[in-house]
Amino acid sequence: MDTSTLKHIPYSVLDLATVLDGYTAADTFKTSLEIAQQSEALGYKRYWFAEHHNMAGVASSATAILIGFIAGGTKSIRVGSGGIMLPNHSPLIVAEQFGTLASLYPNRIDLGLGRAPGTDQVTAMAIRGENFHSAHNFPKDIDRLHQLFSADNAGSKVRAIPGEGLDIPIWVLGSSTDSARLAAEKGLPYAFASHFAPALFEQAVSIYKNNFRPSEFLDKPYVMACVNVVAADTDDQAELLSSSVKRMFLGVITGRRERLKPPVENINSYWDQLEKEAVEQMLYYSFIGSKETIKLNLSAFVSKFGVDEIMSTSHIYDHEAKLYSNKLFASIFE
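Going by numbering that gives the first Met the number 0, 328 is the number at position 329 of the sequence shown; the sequence numbering is gapless.
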């Protein structure tokens with residue numbers, strides 16, 4: 000397998016602000032900043048946060064605030080959302096928030112947009128209230144954001160100040176073929192959540208590329224794939240560390256969501272066969288192992304799907320091990 004193609008692939012980070020068992024959200028934010036600063040030094044292109052709510056182990060609910068915190072503690076890496084769940088918000092508020100961020104940190108802010116609520120249905124109702132079905136407005140709300148960011152909106156009765164006239168790249172995020180068609184129709188870059196929804200990845204990428212319409216924002220398709228990464232000196236060490244993320248996904252499928260647990264020697268004592276299969280299906284696009292193992296497998300992945308950028312997300316309990324994994328992963332692109 001030719002691994003040289005990775006030299007031309009940008010690599011980025013998705014941070015869910017994972018809260019560790021025995022620690023607090025405040026601890027998480029400190030370690031996120033350290034990882035972002037390390038990522039910047041290692042040549043990562045972006046550092047994104049994902050909006051989630053009502054999850055004991057995820058502290059990225061106030062996504063725009065975290066973006067500002069990380070951007071303020073770094074100098075050059077792009078910082079953004081992967082993503083903002085647009086149906087949870089008014090487009091005007093999003094435009095004002097990201098206009099403020101882009102004014103504070105010029106040419107460094109990305110706005111990735113998702114359609115899902117980023118939580119359970121009861122919490123979604125609490126967030127959206129009478130706008131519970133606002134996901135149906137997602138395509139129009141993207142258009143509204145573009146209008147609010149446009150300099151041509153200066154004559155409108157409703158303006159985003161700050162935000163108007165600023166160059167803030169908008170991405171469509173997705174885990175289905177619907178998002179692929181939307182991104183293609185609007186000529187926007189497309190980020191796929193292959194780190195937890197691998198089933199439709201290949202089909203979605205094909206639909207996006209085959210139906211892409213060049214726009215004022217993008218002249219050809221651009222696909223970013225998010226994948227799980229656990230890197231260590233040996234495959235066995237990485238497998239041990241990966242038991243934390245496997246237990247996290249087990250909590251997702253069983254409804255017992257907890258803070259990220261330390262690694263365990265025998266993961267099989269925590270699940271039955273059906274649960275194991277469900278977790279492994281969700282984690283299908285995971286790159287776990289030594290630098291050499293991940294480089295080989297990721298090269299095959301990039302070659303097969305023709306992705307333009309890789310975004311890694313790493314749920315590793317030990318902070319030093321997570322920093323080391325981040326460093327090893329960056330080194331495969333050299």
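Using N, Cα and C, we set each Cβ at its ideal position, and we do this for glycine too.
Fair warning: this is a prediction, and the values are worked out from it, not measured in the lab.
Query	Result
Neighbourhood of residue 199 by C-beta, 8 Å cutoff - its chain only, sequence neighbours within 5 removed	174, 175, 176
Burial state of residue 212, where buried means 16 or more other Cβ atoms lie within 10 Å	exposed
Distance, residue 15 Cα to residue 59 Cα	6 Å
Proximity winner among 260, 97, 238, 167, relative to residue 17 (alpha-carbon distances)	260
Residue 313 (DSSP reduced to helix, strand or coil)	coil
With 16 other Cβ atoms within 10 Å as the buried cut-off, status of residue 74	exposed
Closest Cα partner of residue 300 within the set 245, 285, 85	285
Every unbroken beta strand (DSSP E) inside the region 165-244 [3 residues or more]	169-173, 189-191, 222-230
Segment limits, alpha helix (DSSP H) that includes residue 147	137-148
Local conformation of residue 43 per DSSP, three classes	coil
Assigned secondary structure, residue 266 (DSSP; H/G/I helix, E/B strand, else coil)	helix
Counterpart residues of residue 113 in DSSP-defined beta bridges	84
Terminal residues of the alpha helix (DSSP H) in which residue 323 lies	318-330
Buried/exposed call for residue 86, threshold 16 Cβ in 10 Å	buried
Three or more C-beta pairs below 8 Å linking the region 309-320 and the region 265-273	no
6 Å Cβ shell around residue 182 - same chain, five flanking residues per side excluded	171, 189, 207
For residue 282, the first and last residue of its enclosing alpha helix (DSSP H)	That residue, residue 282, is in no alpha helix (DSSP H); it is neither H nor E in DSSP.
Whole-number beta carbon distance between residue 49 and residue 72, since they are thought to touch under 8 Å	Contact flag wrong, Cβ pair sits at about 19 Å.
Residues of its chain near residue 79, where Cβ-Cβ distance is below 7 Å and the 5 sequence neighbours each way are ignored	45, 47, 66, 108, 109, 110, 111
Proximity test, Cβ basis, 8 Å: residue 305 and chain B	In the structure shown, chain B does not exist; there is a single protein chain.
Length of the line joining the Cα atoms of residue 155 and residue 164	13 Å
Endpoints, the beta strand (DSSP E) within which residue 13 is located	10-14
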